[in-house]
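The block underneath contains the structure these notes are about, expressed in structure tokens.
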């Protein structure tokens, strides 16, 4: 069994290389060309590599075929900047002539690729994991689809939980200064402020900030908790410096803040994290057969991957799964400007490792969101325990659409409830 | 026969006419006919981008090749022109002033030249590695200024939805018009620098590069010449910056970060700093590598190809690809001469 999946993986890789070498060659009738765009350079390289694993796993489970046609893969790489995402997308679309493009990974990239999608109506764009809300909410591109939901949705339930169950009346927020954290803060505050909470102050830091001392010093004393939407090394740096400075306020985490890179690290910091609530599209220990199977398949296919698939592997897996399922349904028929394929994609309801997903009228996913809390496992290690699942969260968080749009786009200053 | 005209150096058109060879016509014909045979990707992403990245590289070539001053601020100057175009003109972010293009473009170029002059004024007191450091510092300072300034530069997000003006009813961002526009401005820059290098100013600049003290003793204002070179290079980079925002349709601090600023140096050195054609050749090679390296090798290691190619060129020819070409020509000429000698002996 292992050798079989490895063989398929090798064949997929070989096919990818062969197609890559023959890029620009005449397209055979019985193949469909799919471009995958991920951050394989720069600060998010590790995340980009895991997203590629998610893509490959989905393709592998379909034996590299969809709708009776062979899927040929072309890879594109960006460094998380919008410029590089556009350059890579342009190459995949205009030079390699892909039929479908899956990606990108990061928030600001998604906004740029959506704008580009409008100029390339012959190609169907399916998001990777980029989660800025306005990629689909405002001025959406008719050929851009997102099954993975956005950063606002990912925070569903968290604001209310922090206020009511945890009793945090006043918080400050610390987040990175780009589109994805804007969406995260927006998602948290939408519920938190409505419940009666106050976000006294908001701190925005550039990606890759090493020194948080000035921010640590300006955190006021009379707050109940700190809302932190930082990722990877930024989160570790902030938490370390905050605790070294004697800070003892409890935390509330964004979707990528209290992941295994933070929880797995050693030291006294661990104890302070117990009880930290967070919310996101996946939960490591979700006790569901579909999730168990996904994790087992991932571990079998990628012995050198993460211990458990990250949010990025999951996201690319779900998007790829949607593309391949829709292709199966239309028998690989991409004629007529891909109309049949896109209609099928828009009406698709798929069963993912994290539950059912379908799209709204803006082609944005409606899916289950997991509210979690950091807990100690039987082995003494920290993990995110599922507190509750918020079923089928829409992009407007259950609000009336006009009222939700009237809140305005997520920015540094919006929303506000000091 | 009496000739009263004093012996003047030949002008550039005469000089060019003198040097024209069949392959020059072939190249010109190829560049003009290129959009007929190439796909949109090759027209814009490789073709047009070669001209405007070459133009920014050319601004560095002018400073480093003729002036002996290696500046890492050329992309920052280009980026500033792009930002001014975004801020004063129209964009899709509901920001900016929406002024007409015939005000915005000259103003963007003027501010680029002004900024280049400031960079020049500050850096001409230094030499060698110190020039590199101070221009890099100014480049990084502008990057952080743009990233952290929200009221003017819109911070990390920058500006999106930028397009070239619709002049004469032509969509200049469509592949073919964009290509010819970039070709025209690129050629203008190329011949402009060629002309400049033969002008009194250009000759003086090269003399200053070779021996500033002697030139100062002869009464030349060394600093003024160098600062003027920065200003001219700023104009070239400014044009390149406008094309950069038209090409990407957006500008953000990521456009002018250190990595990209160093890419300009790579482009200039890859092609060769000796002649104005060098940066264009360098831009072409760099863009081909940047776009296609990922197809040649495992996706985890494709940056290795770019690095290896750069290393190889610098290792085997400090003058870049142009140096390789000159060496090859010399060797061919030598063997031809030797063959001729052999024939005479026989």
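Residue numbers (the UniProt record's numbering), protein chains in the order written: chain A, 1 to 418; chain B, 1 to 346.
Here a beta-carbon is modelled for each residue, glycine too, at the ideal position from N, C-alpha and C.
Name the chain C residues that come within less than 9 Å of residue i, Cβ to Cβ?
| i | result |
| --- | --- |
| residue 160/B | Looking for chain C here will not work: the only protein chains present are A and B. |
With a CB to CB cut of under 6 Å and the five nearest residues on each side skipped, what residues in its chain are close to residue i?
| i | result |
| --- | --- |
| residue 142/B | 76 |
| residue 225/A | 168, 171, 249, 250, 252 |
| residue 163/B | 173 |
| residue 126/B | 134 |
Spell out whether any CB of chain B is found under 8 Å from the CB atom of residue i.
| i | result |
| --- | --- |
| residue 410/A | no |
| residue 319/A | no |
| residue 400/A | no |
| residue 95/A | yes |
| residue 177/A | yes |
| residue 75/A | yes |
| residue 91/A | yes |
| residue 206/A | yes |
Output, in chain order, the set of chain A residues within a Cβ distance shorter than 9 Å of residue i.
| i | result |
| --- | --- |
| residue 250/B | 82, 83, 86, 112, 115 |
Using beta carbons (cut-off 8 Å, strictly below), is residue i in contact with chain A?
| i | result |
| --- | --- |
| residue 80/B | no |
| residue 40/B | yes |
| residue 291/B | yes |
| residue 294/B | yes |
| residue 254/B | yes |
| residue 147/B | yes |
| residue 45/B | yes |
| residue 91/B | no |
| residue 326/B | no |
| residue 211/B | no |
| residue 154/B | no |
| residue 180/B | no |
| residue 221/B | no |
DSSP three-state label for residue i, please.
| i | result |
| --- | --- |
| residue 282/A | coil |
| residue 318/B | coil |
| residue 215/B | helix |
| residue 224/A | coil |
| residue 135/B | helix |
| residue 52/A | helix |
| residue 21/B | coil |
| residue 91/A | helix |
| residue 241/B | helix |
| residue 338/A | coil |
| residue 198/A | strand |
| residue 219/A | coil |
| residue 230/A | coil |
| residue 291/A | helix |
| residue 98/A | coil |
| residue 53/B | helix |
| residue 207/A | coil |
| residue 383/A | strand |
| residue 395/A | coil |
| residue 277/A | strand |
| residue 317/A | helix |
What is the C-beta distance between residue i and residue j, in whole angstroms, given that I count them as a contact (C-beta under 8 Å)?
| i | j | result |
| --- | --- | --- |
| residue 309/A | residue 294/A | 7 Å |
| residue 245/A | residue 200/A | That pair is no contact at about 19 Å. |
| residue 43/B | residue 176/B | 7 Å |
| residue 234/A | residue 254/A | Actually they are not in contact, since the Cβ atoms of residue 234/A and residue 254/A sit about 11 Å apart, beyond 8 Å. |
| residue 352/A | residue 321/A | 7 Å |
| residue 70/A | residue 76/A | So it is not a contact: roughly 20 Å between Cβ atoms. |
Just the chain B side, please: which residues come within less than 9 Å of residue i by C-beta, in chain order?
| i | result |
| --- | --- |
| residue 99/A | Those do not exist, as residue 99/A stays about 16 Å from chain B at its closest Cβ, beyond 9 Å. |
| residue 181/A | Here the premise fails: no neighbours, minimum Cβ distance about 10 Å. |
Applying a beta-carbon distance threshold of less than 7 Å, which residues of chain B neighbour residue i?
| i | result |
| --- | --- |
| residue 108/A | 157 |
Between residue i and the ligand SAH, is the CB less than 7 Å from at least one heavy atom?
| i | result |
| --- | --- |
| residue 172/A | Annotation note on the ligand SAH: not contained in the displayed structure, which lists no ligands. |
Going along the chain, which residues of its own chain have a beta-carbon closer than 8 Å to the beta-carbon of residue i, five neighbours each way excluded?
| i | result |
| --- | --- |
| residue 397/A | 152, 153, 156, 187, 190, 191, 404 |
| residue 336/B | none |
| residue 412/A | 177, 182, 202, 204 |
Once the 5 residues before and after residue i are set aside, which same chain residues still bring their CB inside 7 Å of it?
| i | result |
| --- | --- |
| residue 48/A | 38, 39, 40, 105 |
| residue 197/B | 66 |
| residue 238/B | 77, 78, 81, 108, 109, 112, 113 |
Give me the chain A residues within the contact set of residue i, using Cβ-Cβ distance strictly less than 8 Å, ordered along the chain.
| i | result |
| --- | --- |
| residue 150/B | 412 |
| residue 303/B | 41 |
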